[in-house]
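Accompanying notes for the structure given below.
There are 2 protein chains.
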Amino acid sequence: MGRHLGSRRVTIKDIAKAANVHPSTVTRALQGSTSVKPDTRERVAALAREMGYRPNMAARTLVMRRSHIVGVAIPDMTNPFFADLAHGIEDEAAKHGLRVLIRNTSGIESAERDAVGFFLELKVDGVIVPMARCPNEFYESLAATVPIVHVNRSEAPHHVSCDSVSGSRAIMEHLLELGHRRIAFISGPTGPGPEPKFRAYREALEQHGIAYEPDFILTFSGALDDCAELADSLMRRAPRPTAVFAWNDLCAIGLIHALRERGLDIPRDMSVAGHDDLEIAARLEPPLTTVHWPMYQMGQHSIRYLYKLREGRNAQRPAVPAPELQVRGSTAPVPK
Amino acid sequence: MGRHLGSRRVTIKDIAKAANVHPSTVTRALQGSTSVKPDTRERVAALAREMGYRPNMAARTLVMRRSHIVGVAIPDMTNPFFADLAHGIEDEAAKHGLRVLIRNTSGIESAERDAVGFFLELKVDGVIVPMARCPNEFYESLAATVPIVHVNRSEAPHHVSCDSVSGSRAIMEHLLELGHRRIAFISGPTGPGPEPKFRAYREALEQHGIAYEPDFILTFSGALDDCAELADSLMRRAPRPTAVFAWNDLCAIGLIHALRERGLDIPRDMSVAGHDDLEIAARLEPPLTTVHWPMYQMGQHSIRYLYKLREGRNAQRPAVPAPELQVRGSTAPVPK
DNA sequence: TTGTAGGCGTTATCAG
DNA sequence: CTGATAACGCCTACAA
């Protein structure tokens, strides 16, 4: 009870005393510096192990002016989509001796701001922000302080993105080939607008001489529950769309369920395409037609990019493989 | 390029200089101490804001000997199950002025060890470990250093768990009521053994006078891909089980898919019950019969518990509502 | 109400 | 090869 506060950890000084050397020698020994007698080095190392020494990050960060930590502000932990990204980030970070810290933002701008502020206080080596919500200016004002790498935000100065347009284009081509002409588009929480998916959607329609129908554009809040409403909206349209380009797989799952509840057969009565290719996507009934993003690689690239940025080396935006269309069972030819 | 290293942040001294006071006064002013002239306090506060002051956590942690950070070692970010927990933790932590740091362990023991070690270096106020993999002794040796709260590990000295037996019992009762007698059990990555779900499984069988069949016990690795093998194993059993008690929803999803591929109709030919009640569980085809865990509340409780532990107050294990059975479409009466 | 002094644990830069 | 010393930015006595 309450004993946690009293138990002081073993510090470098304790080791120094035990080894009969000066603290600075301990530091050098622990760093594996060559300019320290092998004998002392081993003695110190052994002592450190025995005594259960753990470096005090705060002290180290204070004097080194860097923490060897990379902060990642994840918008939605519920979406396994980001897990792959995080894994890529972590694996690559480990190679560079960096640790990864994850903060959840729930896709809320203020939370994202807070998370980044927190990272700054921690003196992180860099910040990775996938699908940032905060305006560009916010990050620009910080860029002088800490390197920031965005994931999937092509407007940002430093970002790792894959050709998000091409994946969406592939979806559209696929739907159009199946004969669909009335295709609904469900945007993400921030709405359509400059979003690449939406751009691809419009371009594809245009290229195929199909009139753009504002009524076919809906917005997914991010909450699965709201898919019921989306389904209602789709059902109300007359004529009704025969296919849906959904914001992501989660949205597609919710939508398919809601449409079924309303008596539709998927994909016979309506094709639904997702985005992300969650691990479960191929295992659903019907399996989801979707776009696979190379999230793991993008995670790796973010760290490499960050690293170059820090070094001030010519930090070229890394090339990321393009997303790939996965045609599965949730899309079918347009009903006659 | 490389400018990140040069731009020193504004410190308390800079403010002091600008405000024409001593640094220690700035500290006090920023803390809102009453023993500082309102005039100076405001002046300092204004200056801090203008100059974009951000406290240096490293320095603060060093002197205060605590970081106001709580570390959470999450086993599997892919599983949305933990997202709820994390949300509960974060929301409650915010109330206590604590920040939450999440580290991914991928359910790997060494990674978990590393994560906790990292937390210690950061001088976190406490550590929360859901479904820990490391042995109890590991944590016991740390308990003197930092308060540790486990989630769902009833063997640990301090843990927040809900009555995990009752949820599993409910599943078993449900399956038995449907007439199932040959019920397979899929354990988690760590195998069956002392695990509460497994205990409930065996007890239920016993109570109903059903012989325990070791051949009906399988282990889920945690990787969705391996569900195909599990399905094969199930198919090979003769007589074949008519129901499966799956480790979690993810496992159930993979299993249902694999069984279908092998020609079974779910739930007609085999009932599959999951665990966790993922948000998508109700929206699958068929909707999953599963057990809903109060993860959000458990997250809240973990923080409260941790808080009490720190204060050395009488830290009673909090009472958590029991998990609830959700009967849906993936289970059906035993086929004749 | 404010300034002074000392220290938190570590590292880097000097001498020796 | 090793020891001494001065930071790093902040906080808390204590003194004024």
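Listed in order, the protein sequences are those of chains A and B.
When we follow numbering that gives the first Met the number 0, the leftmost residue of the first sequence carries the number 0, and every step to the right adds one.
When we follow numbering that gives the first Met the number 0, the leftmost residue of the second sequence carries the number 0, and every step to the right adds one.
C-beta atoms are modelled at their ideal positions from N, C-alpha and C, and glycine is treated no differently.
Give the DSSP-derived three-state secondary structure of residue i in the structure shown.
i, result
"N135 of chain B", "helix"
"P129 of chain A", "strand"
"D275 of chain B", "strand"
"F219 of chain B", "coil"
"T77 of chain B", "coil"
"S109 of chain B", "helix"
"Q315 of chain B", "coil"
"T330 of chain A", "coil"
"T288 of chain A", "strand"
"E336 of chain A", "With chain A running from 0 to 335 in the structure shown, residue 336 of chain A is simply not present."
"A245 of chain A", "coil"
"R48 of chain B", "helix"
"S32 of chain B", "coil"
"V20 of chain B", "coil"
"S153 of chain A", "coil"
"I265 of chain B", "coil"
"I252 of chain A", "helix"
"I170 of chain A", "helix"
So, at 8 Å on beta carbons, what are the nonlocal neighbours of residue i in its own chain, with the 5 sequence-adjacent residues on each side left out?
i, result
"Q299 of chain A", "G87, I88, D90 and E91"
"A15 of chain A", "H21, P22, T24 and V25"
"A230 of chain B", "L254, A257, L258, E260 and R261"
"A314 of chain A", "H157, Y304, K307 and L308"
Cα separation between residue i and residue j?
i, j, result
"A28 of chain A", "L61 of chain B", "23 Å"
"K36 of chain A", "G70 of chain B", "38 Å"
"M0 of chain A", "M63 of chain B", "Summary for M0 of chain A: the model assigns pLDDT 36, below 50, so the residue's position carries little reliability; its value from the coordinates is reported in the next sentence. Answer to the nearest angstrom: the Cα atoms are 20 Å apart."
"K196 of chain A", "S163 of chain A", "7 Å"
"H158 of chain B", "A203 of chain B", "26 Å"
"R259 of chain A", "R98 of chain B", "42 Å"
"I185 of chain A", "C250 of chain A", "9 Å"
"D276 of chain B", "A199 of chain A", "36 Å"
"W292 of chain B", "H274 of chain B", "8 Å"
"E278 of chain B", "D268 of chain A", "25 Å"
"C226 of chain B", "V243 of chain B", "13 Å"
"E176 of chain B", "A321 of chain B", "21 Å"
"I252 of chain A", "V145 of chain B", "42 Å"
"G51 of chain B", "D38 of chain B", "20 Å"
Identify the contact partners of residue i in chain A, using a Cβ-Cβ distance below 8 Å as the criterion.
i, result
"E120 of chain B", "R53, P54, N55 and M56"
"G116 of chain B", "R53"
"L223 of chain B", "E278, I279 and R282"
Would you say residue i reaches chain B, if we count a Cβ-Cβ gap shorter than 9 Å as a contact?
i, result
"V99 of chain A", "yes"
"N151 of chain A", "no"
"R327 of chain A", "no"
"S105 of chain A", "yes"
"N78 of chain A", "yes"
"I279 of chain A", "yes"
"L61 of chain A", "yes"
"F244 of chain A", "no"
"I252 of chain A", "yes"
"R339 of chain A", "The shown model of chain A, from 0 to 335, leaves out residue 339 of chain A, and the question about it has no answer."
"E108 of chain A", "no"
Grab me the residues of residue i's own chain with a C-beta within less than 6 Å of its C-beta, minus the 5 sequence neighbours each way, in chain order.
i, result
"H286 of chain A", "His is not the amino acid found at residue 286 of chain A; the sequence shown has Pro there. R327 and G328, listed in sequence order."
"T288 of chain B", "A272, V326, R327, S329 and T330"
"A47 of chain A", "I14"
"S270 of chain A", "A242, T330 and A331"
"L100 of chain B", "I68 and G70"
"T218 of chain B", "S186 and G190"
Does the beta carbon of residue i come closer than 9 Å to any beta carbon on chain A?
i, result
"H95 of chain B", "no"
"N247 of chain B", "no"
"S66 of chain B", "yes"
"I255 of chain B", "yes"
"R48 of chain B", "no"
"R42 of chain B", "no"
"E338 of chain B", "A query on residue 338 of chain B cannot be resolved here, the shown segment of chain B reaching from 0 to 335 and no further."
What residues of chain B sit near residue i, judged by a beta carbon separation below 7 Å?
i, result
"E111 of chain A", "What E111 of chain A touches in chain B: nothing, since even the nearest Cβ is about 14 Å away."
"P156 of chain A", "Here the premise fails: no neighbours, minimum Cβ distance about 12 Å."
"E284 of chain A", "E284"
"E139 of chain A", "Going along chain B, no residue has its Cβ under 7 Å from E139 of chain A, so there is no contact; the nearest lies around 13 Å."
"A82 of chain A", "M76 and T77"
Please work out which residues of its chain come closer than 7 Å, Cβ to Cβ, to residue i, disregarding the five sequence neighbours upstream and downstream, and give them in chain order.
i, result
"G106 of chain B", "P74, D75, R132, P188 and G221"
"R65 of chain B", "K122 and D124"
Name, please, each residue of chain B whose Cβ falls closer than 9 Å to the Cβ of residue i.
i, result
"R8 of chain A", "L119, K122 and T144"
Please list, in chain order, the chain A residues whose beta carbon lies closer than 7 Å to that of residue i.
i, result
"A85 of chain B", "M76 and N103"
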